[in-house]
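For the sequence shown, this note's numbering begins at 3 and goes up steadily by one.
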Amino acid sequence: MTRMKVLVSGAGIAGNSLAFWLSRLGHDVTVIERFSDLRTTGLQVDLRGHGIDVIKRMGLEDEVKARLAPEQGFEVVNSAGTRQGFFPANKSTTSNSRRPKVRQNFTSDYEIMRGDLCRLLYDAAVRSHARFQFNTSIESFEDQGGAVQVKFADGRTGRFDLVVGADGQGSSTRRKLFGSAVADAAYHPFKDTYMAYFTIPRPIQPGEDYVATMYIAPGRRGIMTRRHSPHELQVYIGCSARLPRLEAASHRGGDVEEQKAAWAEVFKGAGWRSDEIMQALMATTESDIYVESPALVKLASWSRGRVTLVGDAAWCPTATTGMGTTCGIVGAYVLASEIAKHCAGGNGNSSDPEDALRSALQAYEQKFQPHMAQVQKDVSVEDDSYWAGLASSEWGIYAFHWLVAIASFLRLNVGRWFLKEEIKGWHLPNYDGMDVRKDELEE
Numbered sequence: 003m004t005r006m007k008v009l010v011s012g013a014g015i016a017g018n019s020l021a022f023w024l025s026r027l028g029h030d031v032t033v034i035e036r037f038s039d040l041r042t043t044g045l046q047v048d049l050r051g052h053g054i055d056v057i058k059r060m061g062l063e064d065e066v067k068a069r070l071a072p073e074q075g076f077e078v079v080n081s082a083g084t085r086q087g088f089f090p091a092n093k094s095t096t097s098n099s100r101r102p103k104v105r106q107n108f109t110s111d112y113e114i115m116r117g118d119l120c121r122l123l124y125d126a127a128v129r130s131h132a133r134f135q136f137n138t139s140i141e142s143f144e145d146q147g148g149a150v151q152v153k154f155a156d157g158r159t160g161r162f163d164l165v166v167g168a169d170g171q172g173s174s175t176r177r178k179l180f181g182s183a184v185a186d187a188a189y190h191p192f193k194d195t196y197m198a199y200f201t202i203p204r205p206i207q208p209g210e211d212y213v214a215t216m217y218i219a220p221g222r223r224g225i226m227t228r229r230h231s232p233h234e235l236q237v238y239i240g241c242s243a244r245l246p247r248l249e250a251a252s253h254r255g256g257d258v259e260e261q262k263a264a265w266a267e268v269f270k271g272a273g274w275r276s277d278e279i280m281q282a283l284m285a286t287t288e289s290d291i292y293v294e295s296p297a298l299v300k301l302a303s304w305s306r307g308r309v310t311l312v313g314d315a316a317w318c319p320t321a322t323t324g325m326g327t328t329c330g331i332v333g334a335y336v337l338a339s340e341i342a343k344h345c346a347g348g349n350g351n352s353s354d355p356e357d358a359l360r361s362a363l364q365a366y367e368q369k370f371q372p373h374m375a376q377v378q379k380d381v382s383v384e385d386d387s388y389w390a391g392l393a394s395s396e397w398g399i400y401a402f403h404w405l406v407a408i409a410s411f412l413r414l415n416v417g418r419w420f421l422k423e424e425i426k427g428w429h430l431p432n433y434d435g436m437d438v439r440k441d442e443l444e445e
């Protein structure tokens with residue numbers, strides 16, 4: 003295989019996964035991250051379907067399992083805290099990506115804190131000899147045909163055979179690659195919708211289980227808590243309404259204290275534990291809260307010349323699909339595998355490295371775009387609000403609780419109602435040399 007010099011922008015889930023594979027294939031991989039250290043913040047994420055299979059092919063299943071959150075299921079409560087329905091975690095998974103399996107419920111068999119997964123993938127990439135450089139980013143780049151000339155924000159320059167943008171939903175690489183018009187057209191924010199995530203200190207109480215708890219309040223407001231440790235609680239809050247103060251405070255880089263005050267105003271007197279949670283929110287540190295306006299990213303193509311995108315930078319599916327982490331890991335696997343397949347030389351591959359890379363990037367898109375089309379199907383931004391169908395009145399919430407109670411009694415899998423785990427007609431490809439378990443057996 004021709005050894006390529008690769009630059010990956012973004013040390014998140016997708017970027018670290020790609021760095022692991024490409025370094026293991028023998029490429030010279032540098033990952034840059036604009037923050038001063040690895041970002042291990044973030045709350046609970048899950049792996050589903052093909053994402054679990056890829057983690058196994060990476061040889062990381064045992065490491066992931068050692069760090070899993072012990073969530074036992076998901077419940078819905080009313081304003082008094084009374085359980086309206088409970089949906090246990092579905093442990094029916096299989097390692098065979100071509101064999102039908104029972105889809106997981108809201109709580110996956112592979113629940114893990116984002117920071118733990120990000121660190122695990124980072125460590126695996128470092129063991130494979132990927133290099134990481136922090137506190138820098140791409141200021142500009144020029145695809146010169148035979149290589150990409152990159153200028154970094156810290157003044158350095160470099161030439162790379164391949165540049166990959168793995169810098170998330172608000173990707174600056176995407177904007178530099180395709181220009182403002184295409185980047186703006188690809189970015190679909192949900193109208194009047196805001197979310198915030200943080201943790202609060204709250205020791206586990208006698209008789210309390212490790213359960214995700216959801217509460218819906220009037221006015222299209224929602225709170226969910228999840229417990230991953232006996233010492234603290236994860237909190238997810240969201241609302242869908244025209245709220246000028248929250249809108250002004252929620253942009254990236256906004257004043258954190260104003261963000262917290264705006265959220266506390268929205269949830270004041272909302273019921274259940276809202277006042278207790280808002281008091282705890284006001285005491286959180288700046289590094290512990292993340293505020294966003296969710297958005298869908300859809301592009302006709304992810305690549306141009308020697309530059310491509312992976313993860314949320316290419317196809318952000320939004321958190322409600324439950325597939326962001328899985329798609330980042332699977333997409334990185336497919337991209338690395340197509341590079342291994344087309345850039346190895348021989349076997350009918352082009353002897354021209356530039357043609358080989360072009361073929362690899364085309365195959366990556368042809369192989370993975372049908373997968374993402376299914377994940378993003380019916381995720382609409384055309385409604386007046388992201389949660390247009392969410393109950394907003396007390397009567398609507400009562401009806402919602404009635405449906406939840408029936409579904410719980412019948413033991414229905416509520417995850418299938420909105421999560422996009424099942425990808426019909428798409429099978430995780432098998433590639434030579436892309437299963438660490440087989441390589442270890444051969445050694």
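Positions of the beta carbon are idealized from the N, C-alpha and C atoms, including for glycine.
Burial state of residue i (16 or more Cβ within 10 Å)
i           : result
residue 368 : exposed
residue 232 : exposed
residue 132 : buried
residue 408 : exposed
residue 429 : exposed
residue 169 : buried
residue 434 : exposed
residue 400 : exposed
residue 213 : buried
residue 248 : buried
residue 287 : exposed
residue 186 : exposed
residue 325 : buried
residue 397 : exposed
residue 374 : buried
residue 441 : exposed
residue 304 : buried
residue 404 : exposed
residue 412 : exposed
Residue range of the unbroken alpha helix (DSSP H) whose run includes residue i
i           : result
residue 366 : 355 to 378
residue 281 : 276 to 284
residue 336 : 326 to 344
residue 34  : Looking at the DSSP string, residue 34 is not in any alpha helix (DSSP H); the run it does join, the beta strand (DSSP E), is 30 to 35.
residue 64  : 63 to 67
residue 129 : 116 to 129
residue 246 : 246 to 251
residue 402 : 396 to 411
residue 261 : 258 to 269
residue 8   : Premise fails: residue 8 lies in the beta strand (DSSP E), 7 to 11, not in any alpha helix (DSSP H).
Chain-order list of residues whose beta-carbon lies under 6 Å from that of residue i (same chain, five-residue window excluded)
i           : result
residue 350 : The predicted model places residue 350 with a pLDDT of 40, which falls under 50 and marks its position as unreliable; any figure quoted below should be read in that light. Once the five neighbours on either side are set aside, residue 350 has no close Cβ partner at all.
residue 69  : 114, 118
residue 191 : 295, 297
residue 238 : 199, 226
residue 216 : 78, 226
residue 293 : 198, 252, 261
residue 12  : 168, 169
residue 273 : 81, 219
residue 361 : 344
Member of the options whose CA lies at the smallest distance from the CA of residue i
i           : options            : result
residue 195 : 320, 34, 272       : 320
residue 269 : 334, 436, 303, 226 : 226
residue 146 : 308, 153, 228, 395 : 308
residue 323 : 441, 180, 50       : 50
residue 278 : 203, 160, 89       : 203
residue 431 : 402, 315, 240, 370 : 370
residue 160 : 276, 74, 8         : 8
residue 128 : 439, 398, 18       : 18
residue 334 : 354, 134, 166, 108 : 166
residue 242 : 276, 193, 275      : 193
residue 44  : 230, 336, 163      : 230
residue 357 : 306, 327, 404, 403 : 306
residue 206 : 32, 234, 55, 376   : 234
residue 382 : 314, 310, 299      : 299
Cut-off 7 Å between Cβ atoms - residues of its own chain near residue i, not counting five sequence neighbours on either side
i           : result
residue 136 : 35, 37, 38, 39
residue 65  : 122
residue 328 : 49, 50, 51, 52, 53
One or two residues paired with residue i in a DSSP bridge
i           : result
residue 241 : 196, 223
residue 305 : 310
residue 215 : 77, 227
residue 236 : 201, 228
residue 1   : The chain is shown from 3 up to 445; residue 1 falls before or after that span and cannot be answered.
residue 140 : 154
Continuous beta strand (DSSP E) stretch holding residue i: start and end
i           : result
residue 178 : From DSSP, residue 178 is part of no beta strand (DSSP E) but of the alpha helix (DSSP H) over 174 to 180.
residue 153 : 150 to 154
residue 191 : 189 to 191
residue 297 : 297 to 299
residue 291 : That residue, residue 291, is in no beta strand (DSSP E); it is neither H nor E in DSSP.
residue 85  : 85 to 90
Cut-off 8 Å between Cβ atoms - residues of its own chain near residue i, not counting five sequence neighbours on either side
i           : result
residue 101 : No answer about residue 101 holds up, because its pLDDT of 39 lies below 50 and its placement is not dependable.
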